[in-house]
Amino acid sequence: MFSSHRERNQEATVYVGNIDDNVTEAVIWELMVQAGPVVDVHLPKDRVTMTHQGFGFCEFATEDDAEYATKILNMVKLYGKPLRVNKASADKRHMEVGATIFIGNLDPEVDEKILFDAFSAFGVIVQAPKINRDADSGSSKGFAFIGYDTFEASDAAIAAMNNQFLMNRPMNVSYAMKKDGKGERHGSEAERKLAEARKKIMGNGSSGGSMGAGMAAWGMQPPPSQPWGGQQQQYYGGGGAPGW
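Sequential numbering from 788 applies to the sequence shown in my numbering.
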């Protein structure tokens, strides 16, 4: 029921953060299904303790269901802790500019959360850290990708983090190869000019304003207001939900 390694539909996936230690994938599934049909729930686990790390992902059947979940389930409390529920894509269709970096020579113990914590200081992350893993064992293949909303952020990350040690290995950080297979890397002058032109056309709205100010937790959107005045928060708070 819960798959760790299948390719997710990012546009129909929400990030779920601030998860209490007592919460299981089954509990997240039961909560999220109130917003719409759930395809998959995954809570990354520590390789030693096998306990989840306080965050996870829930994939819905449609993008609309995922959007609805962010509106009705963000800040709902489970075991007294308010969940953070935001779109995993961070509206990346409007924010991705090609500022995607490759991170190689990763220590086997490095996971997505460690990468996010290490690289989020340089700017807004619109492509969440994705470590390539073995489909059978789930073990890291030693490299990952992260995307920023500006080339200023990706340039800073490369300059600061290339050859820096994370855990017990020095990382190789550079611009990622483009997916078209022509052997070109992101970060080209053409991409930068296109990003600047797009920014002017959109009036700086894609990475500024309220979105840029509210992405502290996972490079995502700020919490929406709760139309039901917090009643559902109380229902799921503490021991309010039977059996949880």
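Yeah, the Cβ is synthetic: ideal placement off N, Cα and C, and Gly gets one too.
Nearest C-alpha to phenylalanine 909 among Pro895, Ala940, Lys874 and Asp851: Ala940.
In the displayed model, leucine 893 falls within coil according to three-state DSSP, outside both helix and strand. Counting other Cβ atoms within 10 Å of its Cβ, serine 924 stays below 16 and is therefore classed as exposed.
Counting only runs of at least 3 residues, the region 815-849 fully encloses the following beta strand (DSSP E) elements, listed from N- to C-terminal order: 825-829 and 842-847. Cβ-Cβ distances below 7 Å link threonine 857 to Val801, Val872, Asn873, Lys874 and Pro1011 in the same chain, with the five nearest sequence neighbours on each side left out; the list follows chain order.
When rounded, the separation of the alpha-carbon atoms in glutamate 971 and arginine 979 is 14 Å.
For glycine 804, DSSP records a beta bridge to Phe842 and Arg871.
Proximity to lysine 986 across Lys965, Thr937 and Gln951 peaks at Thr937, based on C-alpha coordinates. Here isoleucine 933 is near proline 916, since their CB atoms are less than 7 Å apart. Contact annotation, alanine 848 with glycine 823: C-beta distance approximately 6 Å; criterion of less than 8 Å satisfied. Within the same chain, and ignoring the five residues on either side of proline 831 in sequence, the residues whose Cβ sits closer than 8 Å to its Cβ are Ser791, His839, Gln840, Phe842, Gly843, Asp898, Glu899 and Lys900. Glutamine 797 sits in a helix when the DSSP states are folded into three classes. DSSP places methionine 862 outside both helix and strand once states are collapsed to three, so it counts as coil.
Per DSSP, the continuous alpha helix (DSSP H) segment holding phenylalanine 938 begins and ends at 938-948. Secondary structure at threonine 857: helix, using DSSP grouped into helix, strand and coil. According to DSSP, arginine 985 shares a beta bridge with no other residue. Distance from the CA atom of lysine 928 to the CA atom of aspartate 942, rounded to whole angstroms, is 24 Å.
Beta-bridge analysis with DSSP links lysine 917 to Phe932.
Annotation: the continuous alpha helix (DSSP H) that includes alanine 905 extends over 899-906. Shortest Cα-Cα distance from lysine 966 to any of Phe889, Asp852, Asp851 and Lys864 involves Phe889.
Here DSSP, grouped into helix, strand and coil, assigns alanine 963 to coil. A Cβ-Cβ separation of about 32 Å leaves methionine 819 out of contact with aspartate 894 under the 8 Å criterion.
Assignment of alanine 922 by DSSP, reduced to helix, strand and coil, places it in the coil class.
Of the other Cβ atoms in all chains shown, fewer than 16 fall within 10 Å of the Cβ of methionine 837; this residue is therefore exposed. For methionine 862, the closest C-alpha among the options Gln821, Gly804, Leu902 and Val825 is that of Gly804.
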